[in-house]
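Given below as structure tokens:
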């Protein structure tokens, strides 16, 4: 999501494909041939098959750049990963903002982990989705195409079909999904502005992300919405979705998020700010093109109670 980390699902539907490379693929790279032969799957998913050894050509496992000439025997193992097999539905309440046959929009509460992982193999949004819509068991990662940190609240879209998932992933890659966040950051922000700085794993602290030249392109736009004595409420718009992007970018320009234990300040000089127990970040607006109809759709989510109470305290403090 991590917040917000866009990803293309790496597991495919439970199918095993055996076919012969057709003559009209002659001269293409293997990854290009796969894209032509499996048009309903995203390029990232096909790359995942290649990297995980699920694709064999005449019994070998060549890399993505290997050229095919037609007539080769192709096998693709698209069975779910062991983790996916182990994932189970759980009756966890969901705040559903929108639902139709193709997509589901959730207002994620603080404290809910999006996807199972180390230390969080149950009680996640994925487990809740599988209970809410059992057909999502046939969609990679239960249709999740982007995520939010455990302690970040707000809007998240889920695909209910494989075709919609591929369409949403392509929208994310094309940067046409509109994701707006409200963040309370330390100090006075003189924006509006833009942070265009690549993000990757921290070179020495592997549990953190950082602005590094070897990282992936990352762009965040921001503008002040409300100013307080020691903090500013800013609206952030993502053009990309890297792990911890807003948290890393705002800290990079000297305005770490209030309550951020990883990238924030230990002490700010304000007892009100220092008492906030999580990063003050909320995904309040989400806009996209419906993957089936093409209609423009937008949703908004109100601030959660703890975030609203924090702002109210700051307003009282400023007034006095």
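Residue numbers (my numbering): 1109 to 1428. Where is the CB? At the ideal position from N, CA and C, for every residue including glycine. In this text the structure is predicted, and so the values were computed from the model without any measurement.
First and last residue of the uninterrupted beta strand (DSSP E) at residue i
i	result
residue 1303	1301 to 1304
residue 1198	Looking at the DSSP string, residue 1198 is not in any beta strand (DSSP E), and its letter there is neither H nor E.
residue 1152	Looking at the DSSP string, residue 1152 is not in any beta strand (DSSP E); the run it does join, the alpha helix (DSSP H), is 1151 to 1159.
Among the options, the one whose alpha carbon lies nearest that of residue i
i	options	result
residue 1224	1211, 1299 and 1236	1236
residue 1196	1226, 1403, 1216 and 1238	1238
residue 1334	1166, 1124, 1294 and 1211	1294
residue 1158	1326, 1279 and 1173	1173
residue 1371	1355, 1386 and 1361	1355
residue 1248	1182, 1150 and 1240	1150
residue 1160	1146, 1184, 1232 and 1253	1184
residue 1413	1208, 1301, 1262 and 1230	1262
residue 1400	1210, 1353 and 1156	1210
residue 1217	1200, 1208 and 1367	1200
residue 1352	1382, 1329, 1395 and 1307	1307
residue 1147	1289, 1272 and 1282	1272
residue 1278	1145, 1405, 1397 and 1130	1397
residue 1509	1240, 1219 and 1258	Nothing can be reported for residue 1509: it is not among the residues displayed for the chain, which extend from 1109 to 1428.
Collapsed DSSP secondary structure at residue i in the structure displayed
i	result
residue 1327	strand
residue 1143	helix
residue 1407	strand
residue 1190	Unreliable placement is indicated for residue 1190, whose pLDDT of 49 sits below 50; the coordinate value is still reported in the next sentence. Reduced to three states, the DSSP call for residue 1190 is helix.
residue 1322	coil
residue 1126	strand
residue 1257	coil
residue 1368	coil
residue 1386	coil
residue 1293	strand
residue 1184	strand
residue 1400	coil
residue 1337	coil
Residues bridged to residue i [DSSP beta-bridge criterion]
i	result
residue 1317	1309
residue 1288	1345 and 1393
residue 1207	1212
residue 1431	Only positions 1109 to 1428 of the chain appear in this structure, which leaves residue 1431 out of reach.
residue 1168	1165
residue 1252	1266
residue 1332	1342
Pairwise C-alpha distance: residue j and residue i
i	j	result
residue 1154	residue 1139	7 angstroms
residue 1206	residue 1389	22 angstroms
residue 1255	residue 1285	13 angstroms
residue 1416	residue 1364	19 angstroms
residue 1420	residue 1378	14 angstroms
residue 1331	residue 1402	29 angstroms
residue 1326	residue 1317	12 angstroms
residue 1177	residue 1270	30 angstroms
residue 1324	residue 1287	19 angstroms
residue 1374	residue 1233	30 angstroms
residue 1166	residue 1246	29 angstroms
residue 1302	residue 1369	24 angstroms
residue 1385	residue 1367	6 angstroms
residue 1163	residue 1141	12 angstroms
residue 1276	residue 1283	10 angstroms
Opening and closing residue of the alpha helix (DSSP H) in which residue i lies
i	result
residue 1277	1270 to 1281
residue 1180	It is not in any alpha helix (DSSP H) - residue 1180 carries neither H nor E in the DSSP assignment.
residue 1237	1233 to 1240
residue 1163	From DSSP, residue 1163 is part of no alpha helix (DSSP H) but of the beta strand (DSSP E) over 1163 to 1165.
residue 1426	1413 to 1427
residue 1430	One cannot answer for residue 1430 here, as it falls past the ends of the chain, which runs 1109 to 1428.
Neighbour flag for residue i against chain C, beta carbons, 8 angstroms
i	result
residue 1338	No chain C is present in this structure, which holds just one protein chain.
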